[in-house]
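*Asks:*
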Amino acid sequence: MPTQTQDRELGIGLVGSGFMGRCHANAFAAAPVLFELPARPVKAVLADATEESAAAGAQALGFARATSDWRSLIADDAVDIVAITAPNVLHEPIAMAAIAAGKTVYCEKPLSTTAASARRMTDAAEAAGVVTSVGFNFLRNPMIRLARDLITSGEIGEVTGFRGRHAENYMSSPDAPHSFRTDPQGGGALADIGSHIISLARHLLGPIADVSADCRTIYPDRPVAAGASERRPVEVDDMTHALLRFESGVSGSLEANWAATGRTMDLSFEITGSKGAIAFSQEHMNDLLVYSGSGAAAGYRRIEAGPSHPPYDRFCPAPGHHLGFNDLKVIEVAELIEAQVSNGRCNPDFREALAVQETVEAMQESSKARGWVGL
Ligand SMILES: NC(=O)c1ccc[n+]([C@@H]2O[C@H](COP(=O)([O-])OP(=O)(O)OC[C@H]3O[C@@H](n4cnc5c(N)ncnc54)[C@H](O)[C@@H]3O)[C@@H](O)[C@H]2O)c1
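Mind the numbering: the sequence shown is residues 31 to 405 in this note's numbering, read in order.
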């Protein structure tokens with residue numbers, strides 16, 4: 031059981047109360063229950079787009095105060111950590127104001143709408159010396175930690191290839207409407223979910239040096255809003271395929287696809303090595319497939335998540351009971367609180383998220399130029 035030595039409090043200011051806002055609020059509540067943290071997060075202020083949605087969000091998610099002005103949330107002395115779960119186009123202005131106020135910034139992915147914007151945010155955060163964290167929560171999976179350990183310890187030998195994919199079906203219908211995700215400023219499948227598989231590829235195999243990509247729009251227009259008959263052209267990709275060359279020399283491929291009919295959460299990869307291989311899909315996030323052996327005994331083994339895969343043990347003492355998506359956010363928040371108190375670094379921070387954004391942009395440039403682009 032965690033020791034409750036959390037006399038110090040950290041005020042949380044949450045911007046946005048949609049899908050990710052709820053997920054963050056849940057994580058800030060659960061992290062001090064499940065982890066021994068040096069401080070206790072306190073849900074201080076919630077900002078949303080209108081007075082009504084802010085008040086409703088604050089009440090539902092347990093925040094003390096509500097505001098429709100995120101600037102007043104940042105100025106509030108009760109707020110130490112600004113958590114940004116608003117649409118992508120708002121990430122830079124909110125983060126820059128929070129950095130100027132000397133506050134810790136916990137921003138959802140993608141870090142911003144362009145690499146230039148992400149670079150401004152990263153430079154400002156580093157100049158101010160504030161702690162930053164970015165919501166690439168899938169890296170927090172204990173089975174991803176195991177995969178990384180197996181690769182770095184040489185368990186699969188020399189890495190020879192990478193095949194990565196983030197495929198979902200939420201835009202597979204031509205009538206799936208526009209949203210901030212299709213905003214020409216920083217939207218598209220590659221930025222929205224391709225950023226997750228790029229971050230995972232970098233986490234497991236290091237920096238990517240060169241890319242050659244094909245970004246495609248499947249449906250030329252979509253309804254302006256859910257159920258609307260008026261349609262507006264789509265200016266972003268529904269699907270991107272890319273070839274990659276890592277700095278290590280390993281080559282591979284990657285797909286980002288939000289119109290993958292039948293797929294719900296195939297954030298997946300297969301990494302081959304000279305002695306073995308590893309395969310994973312977030313659709314079965316408690317399993318890691320590891321290929322090893324030789325001759326008749328060679329084959330893929332399914333390793334099921336359990337207490338020997340930290341920090342699974344924080345959630346449950348028994349194997350096979352399984353972690354879920356929201357638990358990854360709890361792990362992310364626990365690391366953020368540790369970093370905030372010790373003035374340490376989170377991984378991924380803004381610097382790492384900038385590298386992901388630069389990779390997204392290099393792929394977009396490569397698709398336009400119909401050739402390889404170096405990073
Ligand atoms: N890490 C992940 O796995 C993951 C998953 C989904 C979304 N995301 C990211 O989280 C962010 C939000 O996505 P979502 O799915 O939660 O979207 P959402 O539409 O469900 O929620 C967005 C929230 O922001 C609020 N908002 C809009 N304008 C605002 C303003 N001016 N001031 C304050 N609040 C405002 C909206 O009212 C809403 O509550 C995006 O950057 C997205 O890429 C990350």
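For every residue, glycine included, the Cβ atom is placed at its ideal position computed from N, Cα and C. Everything numeric in this text was worked out from a predicted model, so none of it was measured.
1) Which of the three DSSP states is assigned to Val63 in this structure?
2) Sorted by chain position, which residues of the same chain lie with C-beta nearer than 7 angstroms to Arg149's C-beta, five sequence neighbours on each side aside?
3) Going by DSSP in three states, Tyr249 sits in which element: helix, strand or coil?
4) According to DSSP, which residues form a beta bridge with Ile333?
5) For a minimum of 3 consecutive residues, which ranges assigned as the beta strand (DSSP E) are wholly contained in the segment 87-128?
6) Could you check whether the Cβ of Lys139 sits closer than 7 angstroms to any heavy atom belonging to ligand 1?
7) Run the proximity test for Leu169: is its beta-carbon closer than 7 angstroms to any non-hydrogen atom belonging to ligand 1?
8) I'd like to confirm something about Ser83: is its beta-carbon nearer than 7 angstroms to some heavy atom of ligand 1, or not?
9) Hey, is Ser384 close to ligand 1, as in C-beta under 7 angstroms from one of its heavy atoms?
10) For Phe93, which of Pro68, Gly51 and Ile124 has the nearest alpha-carbon?
11) For Met173, collect the residues of the same chain with a Cβ closer than 8 angstroms to its Cβ; drop the 5 residues on either side in sequence, then sort them by chain order.
12) Quick check on DSSP: helix, strand or coil for Gly292?
13) I believe Pro207 touches Ala256 by the beta-carbon criterion, under 8 angstroms. Please report the beta-carbon distance rounded to the nearest angstrom.
14) Among Thr212, Gly236, Ala59 and Arg262, which has the Cα closest to the Cα of Met269?
15) Within the chosen definition, does the segment 228-235 reach the segment 243-257 through at least 3 CB pairs nearer than 8 angstroms?
16) Could you tell me whether the Cβ atoms of Gly187 and Val280 are closer together than 8 angstroms?
17) Rounding to the nearest angstrom, what Cα-Cα distance links Glu185 and Gly306 in this structure?
18) Would you grab the beta carbon distance between Ser225 and Val386 for me? Rounded to a whole angstrom, and I think it's under 8 angstroms.
19) Within the same chain, show all residues whose beta-carbon is closer than 7 angstroms to that of Phe345, passing over the 5 residues directly before and after it, in chain order.
20) If you draw a straight line from the C-alpha of Gly48 to the C-alpha of Trp100, how long is it?
21) In whole angstroms, what is the alpha-carbon distance linking Pro123 and Met151?
22) Taking three-plus beta-carbon pairs below 8 angstroms as touching, is the segment 196-207 in contact with the segment 104-116?
23) Out of Ile104, Glu66, Leu44 and Thr134, point me to the one whose CA is closest to Cys376's CA.
24) Find the nearest neighbour of His67 within the set Ile367, Thr389, Gly236 and Arg193, judged by alpha-carbon distance.
25) Any idea which residues DSSP pairs Cys137 with across the strands?
26) With C-beta atoms as the reference, is Phe137 less than 8 angstroms away from Ala145?
27) Report, in whole angstroms, the separation of the C-beta atoms of Asn167 and Glu362, which I expect to be a contact under 8 angstroms.
28) Under 7 angstroms: does the beta carbon of Trp100 sit that close to some heavy atom of ligand 1?
*Replies:* Let's see:
1) helix
2) Leu384
3) coil
4) Leu318
5) 95-97 and 111-114
6) yes
7) no
8) yes
9) At residue 384 the sequence reads Leu, which differs from the Ser that was named. No, the Cβ of Leu384 stays beyond 7 angstroms of every heavy atom of ligand 1.
10) Gly51
11) Phe310, Met315, Asn316, Asp317, Leu318, Ile333, Ala335 and His339
12) coil
13) 5 angstroms
14) Thr212
15) no
16) no
17) 7 angstroms
18) 5 angstroms
19) Leu64, Leu353 and Asp357
20) 15 angstroms
21) 9 angstroms
22) no
23) Thr134
24) A quick correction: the sequence has Leu, not His, at residue 67. The candidate whose alpha carbon is nearest that of Leu67 is Ile367.
25) Ile114 and Val164
26) First, the residue type needs correcting, since residue 137 is Cys and not Phe in the sequence shown. Contact: no.
27) 5 angstroms
28) yes
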